[in-house]
Amino acid sequence: MLDTKATVGAIMVDCRDPDALFDFWSQITGVEIAQRYPDYIFTTPLADSSIRLAFQSVDEDKISKNRLHLDLNHENPEKFINAVIHLGGSRIQDHEIDGFSWTVLQDPEGNEFCVTSVL
1 MLDTKATVGA IMVDCRDPDA LFDFWSQITG VEIAQRYPDY IFTTPLADSS IRLAFQSVDE
61 DKISKNRLHL DLNHENPEKF INAVIHLGGS RIQDHEIDGF SWTVLQDPEG NEFCVTSVL
C-alpha cells in the first residue's frame, strides 16, 4: 500500500459540449462553475461532499456503456426523473431488488447515471 492516500477531487466527464452538459448537471445537482479553462469546466463541490464534477471537451462520441457512473439520491425519484427528461435526459431502465429500486438515466450526451430514493 502507498504511504500516501489520494483523495477524489473531481469526477471528469468526457463530452462534446462542456457548456451544455454543465447546464444540464447544474440544474439537477445545484453545482456552479468554479473554474473554466479552454475546453474544461470544473464545478463547485456536490452537496454534502468535497467532490466536484468536471467536464472536458473531447472529439469522439460516446459509443458504449459507462464503466463508472454516479448514483444520485432524491426524496422523490419520479419528480426528479421527470425533470431530467424535461432537461433533455432519458429514462433507460427501472430496477428493483428485494425492495430496493433505482432508475438508470442518461444525460443529453448519453452518459449513464442512476437515481434512487434517499437511503
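Using full-length UniProt numbering, the first residue of the sequence shown is number 1, and each one after it goes up by one.
Note that beta-carbon positions come from the ideal geometry of N, C-alpha and C, so glycine has one too.
_Tell me which residue opens and which closes the alpha helix (DSSP H) that H95 is part of._
Premise fails: H95 lies in the beta strand (DSSP E), 90–97, not in any alpha helix (DSSP H).
_Backbone secondary structure at A6 - three-state DSSP_ = coil
*Kindly indicate which three-state DSSP category A83 falls into: helix, strand or coil?*
helix
*asked:* I'd like the span of the alpha helix (DSSP H) that includes S101, first residue to last.
replied: It is not in any alpha helix (DSSP H) - S101 instead sits in the beta strand (DSSP E) that spans 100–106.
*Excluding the 5 residues preceding and the 5 following Q93 in the sequence, name in chain order all residues of the same chain whose CB lies nearer than 8 Å to its CB.*
If we look at Q93 and ignore the five residues flanking it on each side, its Cβ neighbours are T103, V104.
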